[in-house]
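Numbering of the sequence shown is given in the working numbering, commencing with residue 7 and proceeding in unit increments. Yeah, the Cβ is synthetic: ideal placement off N, Cα and C, and Gly gets one too.
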Amino acid sequence: YSFVCICLGVDDDIGNAPPKTLYGLDLKHILPKSELVEDDLWDASIPPSKRTLWNAKINPVLSVNSDGAPLDFSFLDWISCLKETFVKLDGGYLTKSAILGAFQWRA
Numbered sequence: 007y008s009f010v011c012i013c014l015g016v017d018d019d020i021g022n023a024p025p026k027t028l029y030g031l032d033l034k035h036i037l038p039k040s041e042l043v044e045d046d047l048w049d050a051s052i053p054p055s056k057r058t059l060w061n062a063k064i065n066p067v068l069s070v071n072s073d074g075a076p077l078d079f080s081f082l083d084w085i086s087c088l089k090e091t092f093v094k095l096d097g098g099y100l101t102k103s104a105i106l107g108a109f110q111w112r113a
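Dropping the structure here:
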């Protein structure tokens, strides 16, 4: 079976447009640091006034392995890297592995 993995910051507002935060961080700062653009997060068919975290392409669909193997959530490591970048590196950028994780998660 499959399910959606939803990861948000406690104060992220999933229903209001436009979203101001993602993972508790200012979305205006996340995009340039992660080398993502709004078109990476939303389909072009969704107008900016209707873009919310609920309809963003940030929640991956996961499938449970039929062999009972544990789920691998390592693709979420980029969120930790993102938060560390904001906390420790004023003006810094994410590592290449963190950016790859973001793109894997988005896929």
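Tyr29 counts as buried, since at least 16 other C-beta atoms from the protein chains shown sit within 10 angstroms of its C-beta. Take Cys11, set aside five residues on each side of it, and the residues of its chain with a beta-carbon closer than 6 Å to its own are Pro66, Leu68, in chain order.
Leu14 sits in coil when the DSSP states are folded into three classes, being neither helix nor strand. Distances from the CA of Gly15 to each of Leu59, Phe81, Gly74 were compared; the closest alpha carbon is that of Leu59. Burial state of Ser80 is exposed, judged by a 10 Å Cβ sphere holding fewer than 16 other Cβ atoms. For Pro54 and Ser40, the gap between their C-alpha atoms comes out near 20 Å. Leu31 carries a strand assignment under DSSP once its states are collapsed to helix, strand and coil. When Glu44, Tyr7, Ser51, Cys13 are compared, the shortest CA-CA separation from Asp83 is found for Cys13. Counted as a single uninterrupted DSSP element, the alpha helix (DSSP H) harbouring Leu47 occupies residues 44–47. Residue environment analysis places Ala62 among the buried positions, since at least 16 neighbouring C-beta atoms fall within 10 angstroms of its C-beta. Setting aside the 5 residues that flank it on each side, Asp17 is surrounded in the same chain by Thr27, Gly30, each with a C-beta closer than 7 Å to its C-beta; the list follows chain order.
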